[in-house]
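Asks:
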Amino acid sequence: MNDMTGVSFLPLGGTGEIGMNLNLYRQGEAWLAVDCGIGFSGNDTPEAEIILPDPVFIAERRDRLAGLVVTHAHEDHLGAIAHLWPQLGCPVYVTPFAAAVLRRKLGEAGLVQQVPIHVIAPGGAFTVGPFDLRFVSVTHSVPESQSLVLRTPQGIIVHTGDWKIDPNPQVGPPTDLETFAELGREGVLAMVCDSTNVRTEGPSASEADVRREMTRLIASLEGRIAVTCFASNVARVETLAMAAKAAGRRVAVVGRSLRNLEVAARECGYLSDVPHFLSEQDANSIPDNQVLLIVTGSQGEPRSALSRIAADTHPNIALGEGDTVIYSSRMIPGNEQAVIQVQDSLTRRGVHVITDKDHLVHVSGHATGGDVRKLYDLVRPRFLIPVHGEWRHLTANAAIAQELNIEPVLLEDGDILDIRADGVEIGDTAPTGRLVLDGGRILPMNGGVLSARRRMLFNGMVLGSFAVDDEGYLIGDPKVSAPGLLDAEDPETQRVTEEFGNALDEIPDELRENDATFREAAKTALRRALGRKLQKRPLVDVHLLRV
3 MNDMTGVSFL PLGGTGEIGM NLNLYRQGEA WLAVDCGIGF SGNDTPEAEI ILPDPVFIAE
63 RRDRLAGLVV THAHEDHLGA IAHLWPQLGC PVYVTPFAAA VLRRKLGEAG LVQQVPIHVI
123 APGGAFTVGP FDLRFVSVTH SVPESQSLVL RTPQGIIVHT GDWKIDPNPQ VGPPTDLETF
183 AELGREGVLA MVCDSTNVRT EGPSASEADV RREMTRLIAS LEGRIAVTCF ASNVARVETL
243 AMAAKAAGRR VAVVGRSLRN LEVAARECGY LSDVPHFLSE QDANSIPDNQ VLLIVTGSQG
303 EPRSALSRIA ADTHPNIALG EGDTVIYSSR MIPGNEQAVI QVQDSLTRRG VHVITDKDHL
363 VHVSGHATGG DVRKLYDLVR PRFLIPVHGE WRHLTANAAI AQELNIEPVL LEDGDILDIR
423 ADGVEIGDTA PTGRLVLDGG RILPMNGGVL SARRRMLFNG MVLGSFAVDD EGYLIGDPKV
483 SAPGLLDAED PETQRVTEEF GNALDEIPDE LRENDATFRE AAKTALRRAL GRKLQKRPLV
543 DVHLLRV
């Protein structure tokens, strides 16, 4: 770890799961961070909504952190910067579009004047401390996505970021395969590669195909049309705008992230051939057959515009019989239940729901197995490090590499991989973890607050309240509240309350003198009163009032 020519790679988030990317490279004594994203709660973490990687390892070495490079403007690659930058304190390197998105996030966090942002042109070369870097433009579902090339004393390392091969991506250039081929001819030591979609065989479908199908489909529909997609997919938003124009419809955007996207995209020269979008308030003044709504909430987020429309609680937009909702997005693993619930609510209201199972209304922004094989044939790295995906995606990527005589190296978050010209080796491990963004607070996933919330979700909570005199003897009857477990009128509640009162009377005098010991003894008494009948282990607490 102290070899001045040594190079290491360390994923702190993003291996074995989708989202929450945070990667580190070490060259000599200096560190470089690549991406810093958020993840969203799934079925396994109902107590949380937004999840962040724990940066404790690099935060302790922030004096040696030369900078943070962002490969593209998706939430899972830059969404955590506004929350974690105070722990990192380093300059940030981004393309113009990512800078526009990031500045808005930093502005909301009150950090826009503090964070040094360096804007790098797509495909540009730059240095960060001792790191000799170059961007390579790739196609993805957000403008200006970049792979990152690191020229190190040990050899060239390519960090792909998120990418695919699409000869006609509609917005931005296609993946720069010629530059990748040049790197391959020069010789690449290692490649760190996106694995999200490698289990899909064949080449990637093109955004141009979606544009043709969307134009045909939208022209065939009557009533109001609402389309939900990822807000950052500028090509898809442009596709929808052009399809709407061809069908004689005007476009209104519904949801804050879409409004922010339009501002950032136009600021960077995108959507220049598209009329400015209407607000959701303006949409109601246009006949149903002449409007197309682009709506946030493709993943069933409970507070999103589409979820509120499905529940008929949106303040401005309503959908019903004869209207259509098109899901121009994929369902992120873990969100299936939430998405299906929204779709079911829409269907109950008489809305026709269309997904990519019905029509070609979405293509992935991630490389298929066919794309990956083509890139590996061009670059021919000696070593392949799969990242960004669940474990089944990483192993599928590794299998492709083995077919092409490339040596794969599978890492867990926290593994520190030493990369040398003569081989690679996991030399050490770093502490990792997950944090939760809870309102304005950042909390440890396994800390007391989230652990208690998780326990309450599955086992409920029981609260006992009682008053005592100055000597610690009960005044009146105690009260027991167990929301989610027992109704106030339930005979079982009365039984527990009576047994709790009896148990309080039996607490030894020496424990009544101190409030802390009295409360602990009272908690034990309440647990005993609950007994085993509920077959749950609820969180138990008491309120003691000494009169």
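Numbering (this note's numbering), first residue to last: 3 to 549. Cβ coordinates follow ideal geometry from the N, Cα and C atoms, glycine included.
#1: CB-CB under 6 Å to Gly8, same chain, minus the five flanking residues each way: which ones, in chain order?
#2: Just how far apart, CA to CA, sit Asn4 and Arg28?
#3: Who are the Cβ neighbours of Gly125 in its own chain at under 6 Å, not counting the five residues just before and after it?
#4: Suppose the cutoff is 6 Å on Cβ atoms and the five residues either side in sequence are ignored; what does the same chain contact list for Val103 look like?
#5: Distance, Cα to Cα, Glu323 vs Val353?
#6: Using the three-state DSSP reduction, which class does Trp393 fall into: helix, strand or coil?
#7: When DSSP labels each residue in this structure, what does Asn318 get in the three-state scheme?
#8: Assess, as a yes-or-no matter, whether the stretch 201-221 is touched by the stretch 273-284 under the definition of 3 or more beta carbon pairs within less than 8 Å.
#9: Looking at Leu113: is its Cβ nearer than 9 Å to the Cβ of Ala84?
#10: For the putative contact between Arg384 and Leu191, defined by C-beta atoms under 8 Å, what is the C-beta separation to the nearest angstrom?
#11: In or out: Gln156 buried (at least 16 other Cβ within 10 Å) or exposed?
#12: If you follow the alpha helix (DSSP H) that Lys376 is part of, which residue opens it and which one closes it?
#13: For Tyr475, which beta-bridge partners are listed by DSSP?
#14: Pull up the distance between the alpha-carbon of Lys554 and that of Val72, whole angstroms please.
#15: To the nearest angstrom, report how far apart Gly367 and Ser197 are at their CA atoms.
#16: Ends of the beta strand (DSSP E) at Thr431?
#17: For Tyr475, count neighbouring C-beta atoms within 10 Å of its own C-beta (all shown protein chains included) and say buried if the count is 16 or more, exposed if not.
#18: Provide the residue span of the alpha helix (DSSP H) that contains Phe232, from first to last.
#19: I'd like to know if the stretch 289-304 and the stretch 221-237 are in contact, where contact means that at least 3 CB-CB pairs between them fall below 8 Å.
#20: Roughly how many whole angstroms lie between the Cα atoms of Val498 and Lys481?
#21: Under 6 Å Cβ to Cβ from Met333, same chain only, skipping five residues before and after it: list those, please.
#22: Any contact of the stretch 253-268 with the stretch 156-165, i.e. 3+ C-beta pairs under 8 Å?
#23: Helix, strand or coil for Phe279? Go by DSSP, reduced to three states.
#24: Secondary structure at Gly157, three-state DSSP: helix, strand or coil?
#25: Just the C-alpha distance for Gly109 and Thr129, rounded to the nearest angstrom, thanks.
#26: Rounded to the nearest angstrom, how far is the Cβ of Leu24 from that of Leu34, given a contact under 8 Å?
#27: Is the stretch 412-423 in contact with the stretch 439-446, if contact means three or more CB pairs nearer than 8 Å?
#28: Please work out which residues of its chain come closer than 6 Å, Cβ to Cβ, to Val363, disregarding the five sequence neighbours upstream and downstream, and give them in chain order.
#29: Which runs of the beta strand (DSSP E) fall wholly inside the stretch 133-183 and span at least 3 residues, in chain order?
#30: Val389 and Leu185: beta carbons closer than 9 Å?
#31: List the whole-angstrom C-beta distance separating Ile60 from Thr97, where the pair is believed to meet the contact cut-off of C-beta under 8 Å.
#32: Specify the secondary structure class of Ser259 as computed by DSSP and reduced to three states.
#33: For Pro88, which of helix, strand or coil comes out of DSSP?
#34: Going straight from the alpha carbon of Gly204 to that of Val374, what length do you get?
#35: Applying the 10 Å Cβ sphere with the 16-neighbour rule, what's the burial state of Gly189?
#36: If you reduce the DSSP assignment to three classes, tell me which class Thr1 lands in.
Replies: According to the data block:
#1: Nothing meets the Cβ criterion.
#2: Any reading at Asn4 must be qualified, since the residue scores a pLDDT of 49, below 50, and its modelled position is unreliable; no value is offered.
#3: Sequence-distant partners of Gly125 (beyond 5 residues in either direction) whose C-beta falls short of 6 Å from its own C-beta, in its chain, are Phe137, Ser139.
#4: So the qualifying residues of the chain are Ala75, Ala266.
#5: Using only the alpha carbons, I get a separation of about 5 Å.
#6: Trp393 falls in the helix class under three-state DSSP.
#7: In the structure shown, Asn318 adopts coil according to DSSP, grouped into three states.
#8: Note that the stretch 273-284 does not touch the stretch 201-221; fewer than 3 beta-carbon pairs, one per stretch, sit closer than 8 Å.
#9: Contact flag set, yes.
#10: Right, the Cβ-Cβ distance comes to about 6 Å (below 8 Å), so this counts as a contact.
#11: Counting Cβ neighbours within 10 Å, Gln156 comes out buried, since at least 16 surround it.
#12: Its alpha helix (DSSP H) spans residues 371-381.
#13: Residue pairing by DSSP leaves Tyr475 without any beta bridge partner.
#14: With the chain covering 3 to 549 only, the question about residue 554 has no answer from this structure.
#15: Cα atoms of Gly367 and Ser197: separation of roughly 12 Å, rounded to the nearest angstrom.
#16: Secondary structure note for Thr431: its beta strand (DSSP E) is the uninterrupted segment 425-431.
#17: With fewer than 16 other Cβ atoms within 10 Å, it is exposed.
#18: Counting along the chain, Phe232 sits inside no alpha helix (DSSP H), nor does DSSP assign it H or E at all.
#19: The stretch 289-304, when compared against the stretch 221-237, does touch it at the 8 Å Cβ threshold.
#20: For Val498 and Lys481, the distance between alpha carbons rounds to 10 Å.
#21: Taking C-beta separations shorter than 6 Å and ignoring five residues to either side along the sequence, the partners of Met333 in its chain run Val341, following chain order.
#22: No contact exists between the stretch 253-268 and the stretch 156-165.
#23: It is coil, neither helix nor strand.
#24: Residue state for Gly157 is assigned as strand, using DSSP reduced to three classes.
#25: Near 26 Å, if we compare the C-alpha coordinates of Thr129 and Gly109.
#26: Cβ atoms of Leu24 and Leu34 stay farther apart than 8 Å, at about 12 Å.
#27: Short answer: they don't touch.
#28: Only Ile328, Ser330 meet the Cβ criterion.
#29: Those beta strand (DSSP E) runs which fall completely within the stretch 133-183 and span 3+ residues are 133-139, 148-154, 157-161.
#30: At least 9 Å separates the beta-carbon of Val389 from that of Leu185.
#31: Not quite, the Cβ-Cβ distance comes to about 23 Å (not below 8 Å), so this is no contact.
#32: The answer is helix: DSSP assigns Ser259 an H, G or I state.
#33: Helix.
#34: Cα-Cα distance, rounded: 10 Å.
#35: Burial state of Gly189 is exposed, judged by a 10 Å Cβ sphere holding fewer than 16 other Cβ atoms.
#36: This structure cannot settle anything about residue 1, because the visible part of the chain is limited to 3 through 549.
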